[in-house]
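So the sequence shown is residues 0 to 245, counted in numbering that gives the first Met the number 0.
These notes concern the structure reproduced below.
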Amino acid sequence: MLLARTGWLLGALAIGTPAAAQSSPDPSLLAIERAYYAGEPAAGREALEALGEADDVTRAWALWRVAGMHRIRGVDRQTKRRHERVRKPLLEEAESLMKARIEADPNDAAAHLVLSQVYQARITGMMSGMRFGWRAGETLDRALELAPDDPRPLYLKGVNQLMAPGPFGNKEEARQNLEAAIARFAEGAPEGAFWWGEPEAHAFLGLSYARENEHDQARAAYERALELEPGFAWVRESLLPDLESQ
0 MLLARTGWLL GALAIGTPAA AQSSPDPSLL AIERAYYAGE PAAGREALEA LGEADDVTRA
60 WALWRVAGMH RIRGVDRQTK RRHERVRKPL LEEAESLMKA RIEADPNDAA AHLVLSQVYQ
120 ARITGMMSGM RFGWRAGETL DRALELAPDD PRPLYLKGVN QLMAPGPFGN KEEARQNLEA
180 AIARFAEGAP EGAFWWGEPE AHAFLGLSYA RENEHDQARA AYERALELEP GFAWVRESLL
240 PDLESQ
């Protein structure tokens, strides 16, 4: 659940859509999000199949989120190949939907945000990193420019800065961006909007603390992530145990 996992929207996932025009999120979206945090790809695929009529951005978000449940890092070679076969068509469909959306409206912040994460998810090695890395950064920056008050582009920017290797990262700015995004999450989403990502923002903020041996702050951030999403497997099964072992 690192970079590749790590983001939508119009309608129920709206950025900048008037509250009166929004509706409650489709239950399938909530089921996808629960499955994502729990690390249950079969449940995610089932929820995707159950997704009703959805605008292109919402569907692309769902495709990306389900693809992210099929890990390609930290698994054996056979599992990686199997997961890549599942991920590829999901991400290709999402990419196609968002490119068409942006072509129709270059100022669609939601489409840029989703496309940035689709590009990020398509990075599986050095060659794909060269192909998709700059695209992921460019579209995320554009989403942040178009929707400066939305916490999700900011938290994902922080994640990228935290997880980027060596000179490509920036730990200080990463923490600042994660903290700022969390403050915006705390203000609440527009009525009817589906503001995914808040538990993950807390998890990555906790990781930034843990890497600097600030254990109390890290634990508080992890516990907040679990308050928001009790089924968050990465925090419960990995981050907290790692912290306790230090």
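Just so you know, even glycine gets a beta-carbon here, dropped at the ideal spot from N, CA and C.
Rounded Cβ spacing between residue i and residue j (contact assumed at less than 8 Å)
{"i": "Gly157", "j": "Leu139", "result": "Not quite, the Cβ-Cβ distance comes to about 11 Å (not below 8 Å), so this is no contact."}
{"i": "Ala232", "j": "Gly38", "result": "4 Å"}
{"i": "Gln160", "j": "Ala173", "result": "4 Å"}
{"i": "Val56", "j": "Ala99", "result": "Not quite, the Cβ-Cβ distance comes to about 11 Å (not below 8 Å), so this is no contact."}
{"i": "Pro152", "j": "Leu204", "result": "With a Cβ gap of about 16 Å, Pro152 and Leu204 do not count as contacting."}
Distance, residue j Cα to residue i Cα
{"i": "Gln21", "j": "Ala59", "result": "Note that Gln21 scores 43 on pLDDT, short of 50, meaning its location in the model is unreliable and no value can be drawn from it."}
{"i": "Pro40", "j": "Val65", "result": "7 Å"}
{"i": "Arg235", "j": "Gln175", "result": "24 Å"}
{"i": "Pro229", "j": "Arg218", "result": "15 Å"}
{"i": "Arg80", "j": "Ser127", "result": "15 Å"}
{"i": "Pro240", "j": "Glu213", "result": "15 Å"}
{"i": "Ala220", "j": "Arg84", "result": "35 Å"}
{"i": "Arg76", "j": "Arg86", "result": "15 Å"}
{"i": "Gly136", "j": "Glu144", "result": "12 Å"}
{"i": "Glu211", "j": "Leu155", "result": "20 Å"}
{"i": "Asn106", "j": "Arg141", "result": "9 Å"}
{"i": "Arg70", "j": "Ala34", "result": "13 Å"}
{"i": "Pro189", "j": "Ile31", "result": "21 Å"}
{"i": "Asp104", "j": "Ser244", "result": "49 Å"}
{"i": "Ala209", "j": "Met162", "result": "13 Å"}
{"i": "Arg130", "j": "Ser207", "result": "28 Å"}
{"i": "Trp133", "j": "Trp195", "result": "24 Å"}
{"i": "Arg44", "j": "Ala146", "result": "30 Å"}
{"i": "Met68", "j": "Gly187", "result": "26 Å"}
{"i": "Asp215", "j": "Ile181", "result": "18 Å"}
{"i": "Thr123", "j": "Thr78", "result": "14 Å"}
{"i": "His82", "j": "Glu222", "result": "30 Å"}
{"i": "Ala42", "j": "Leu242", "result": "29 Å"}
{"i": "Val74", "j": "Ser237", "result": "15 Å"}
{"i": "Gln119", "j": "Pro150", "result": "18 Å"}
Residues near residue i by beta carbon distance below 7 Å, same chain, minus five either side
{"i": "Asp25", "result": "Ala11, Leu50, Gly51 and Ala53"}
Same chain, Cβ closer than 6 Å to residue i, five either side skipped, listed in chain order
{"i": "Leu227", "result": "Glu197 and Pro198"}
{"i": "Glu94", "result": "Val117"}
{"i": "Leu47", "result": "Ala61 and Val65"}
{"i": "Tyr36", "result": "Glu228, Gly230 and Phe231"}
{"i": "Asp148", "result": "none"}
{"i": "Arg72", "result": "none"}
Distance CB(residue i)-CB(residue j) smaller than 8 Å
{"i": "Met97", "j": "Leu114", "result": "yes"}
{"i": "Leu28", "j": "Phe184", "result": "no"}
{"i": "Glu102", "j": "Leu62", "result": "no"}
{"i": "Arg121", "j": "Leu90", "result": "yes"}
Minimum Cβ-Cβ distance from residue i to chain B less than 8 Å
{"i": "Ala224", "result": "Protein chains in the displayed structure number just one, and chain B is not present."}
Discussion item. Quick check: the stretch 183-199 against the stretch 165-175, are at least 3 beta-carbon pairs closer than 8 Å?
Written reply: no
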